[in-house]
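Per the working numbering, the very first residue in the sequence shown carries number 293; after that it's consecutive.
Glycine included, C-beta positions come from ideal geometry on N, C-alpha and C.
Here the structure is laid out as structure tokens; the discussion comes afterwards.
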Amino acid sequence: MSTDPATATGVLRPAAAQDAERVAAIFAGYVLQSIATFVEEPPSDEYWRERIAGAHPGLPFLVAEVDGEVEGFAYAAPFRPHAAYRYTVEDSIYIAPEAAGRGLGSRLLAGLLDEVRPTEVRQVVAVIAALPGSRHDTPSIVLHRRLGFVEVGRMSSVGYKNGQWADTVLMQIDLRPDG
């Protein structure tokens with residue numbers, strides 16, 4: 293692992309209860325300052341402790357740690373509550389703004405896929421917010437495409453946050469393309 297802040301890739305590991313405060317702080321920035329999530333009130337540290345405690349092989353929760361500090365996290369969650377969706381999960385990835393551009397998103401998403409592949413999960417879906425009519429891909433769309441996801445749809449103006457409408461771009465990867 294490099295110790296140069298510009299190139300440090302850090303350590304990828306399962307999240308632990310003591311990471312909840314930092315995870316909450318990273319996520320709160322996205323809640324309050326962006327449309328990257330449609331959550332409008334930052335969840336508490338306790339919420340994140342419970343979420344981390346609920347992680348298991350089919351629904352991993354990972355953090356990227358650089359120089360002892362959690363700088364990003366990713367987790368898989370059920371895609372929908374109905375039993376027929378039991379082989380499909382949705383991924384979520386958030387990087388601290390000061391750690392952007394270091395490859396942590398790629399490491400986290402690749403690690404998440406590695407954790408999910410040996411399970412019964414077949415499909416991983418990403419629901420990515422984008423400005424309506426935007427012709428440019430968001431960093432999250434670029435990241436998912438780089439790791440094999442394909443765009444399968446776009447829902448126009450389905451979210452309203454921070455005084456603006458937002459689309460969602462749906463991306464998907466089939467972990468068992470041969471059956």
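Query, Result
"Bridge partners - residue 460, DSSP secondary structure assignment", "421, 447"
"Own chain, CB closer than 7 Å to residue 461, minus 5 neighbours either side, in chain order", "420, 422, 433, 443, 446"
"Simplified DSSP assignment, three categories, for residue 319", "helix"
"Under 8 Å between C-beta atoms of residue 357 and residue 369", "no"
"Start and end residues, beta strand (DSSP E) containing residue 361", "361–370"
"Short Cβ contact (8 Å threshold) for residue 345 with residue 354", "no"
"Residue 356, enclosing beta strand (DSSP E) - first and last residue", "353–358"
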